[in-house]
Amino acid sequence: MKALLDNSLSFYQTAINVQARRQELLASNIANADTPHYKARDIDFRSALQGALGHRFGPMALATTSERHVGGGGAAGEGAFERHTGYRTEFQSAVDGNTVNMDVERAAFAENSVHYEASLTFINSLLSGMRRAISGQ
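Going by the working numbering, the sequence shown opens with residue 19, and the numbers climb by one from there.
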């Protein structure tokens, strides 16, 4: 039963992790809007989600024969999404080299917030359905 619940929630858990990381990046962009030479960053949600799900359900971990071998990388942490993180395209150049466009950042922040809330709603709905199934209603 636990495996069934874990499998049902794994997609949404991964999506929330990617959305949380994106929210951090967007908040950092907004916070550094007046920082000279700051380059706005964003994450490609689709490729990050596919990459995280690929790590979780994809090939097995590399076998090592010595403790000095370099690991093959992990799936869940902040570093797992870094290869899907890039710099935002500059729309209008600033004199100080800052690439943050507050309109774009606010819109992306609001959109990501809505997606995050939707993921939480889906998880709550899934858990409610499982609770009803377990109690026999």
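For each residue, glycine too, the CB sits at the ideal point set by N, CA and C.
Since the structure is predicted, the reported quantities are computational estimates derived from the model, not experimental observations.
{"Check": "Rounded distance between the beta-carbons of Ile-61 and Thr-103, thought under 8 Å", "Outcome": "5 Å"}
{"Check": "Three-state class that DSSP yields for Asp-60 in the structure shown", "Outcome": "strand"}
{"Check": "Simplified DSSP assignment, three categories, for Thr-103", "Outcome": "strand"}
{"Check": "Extent of the continuous alpha helix (DSSP H) run through Ser-111", "Outcome": "Run containing Ser-111: none; DSSP gives neither H nor E here."}
{"Check": "Beta-carbon contacts of Gly-95 that lie in its chain and below 8 Å, excluding the five residues immediately before and after", "Outcome": "Low confidence applies here, because Gly-95 scores a pLDDT of 47, under 50, leaving its location unreliable; read the following figure in that light. None."}
{"Check": "Separation of Asp-121 from Thr-139, as counted between CA atoms", "Outcome": "27 Å"}
{"Check": "Close beta carbons around His-170, own chain, < 6 Å, minus the five adjacent residues each side", "Outcome": "The displayed coordinates of the chain run from 19 to 155. Any statement about residue 170 would go beyond what the structure contains."}
{"Check": "CB contact flag (Val-132, Asn-47, <7 Å)", "Outcome": "no"}
{"Check": "Burial state of Ser-137 (16 or more Cβ within 10 Å)", "Outcome": "buried"}
{"Check": "Cut-off 6 Å between Cβ atoms - residues of its own chain near Ile-141, not counting five sequence neighbours on either side", "Outcome": "Tyr-30"}
{"Check": "Ala-126 and Leu-44 closer than 7 Å at C-beta", "Outcome": "yes"}
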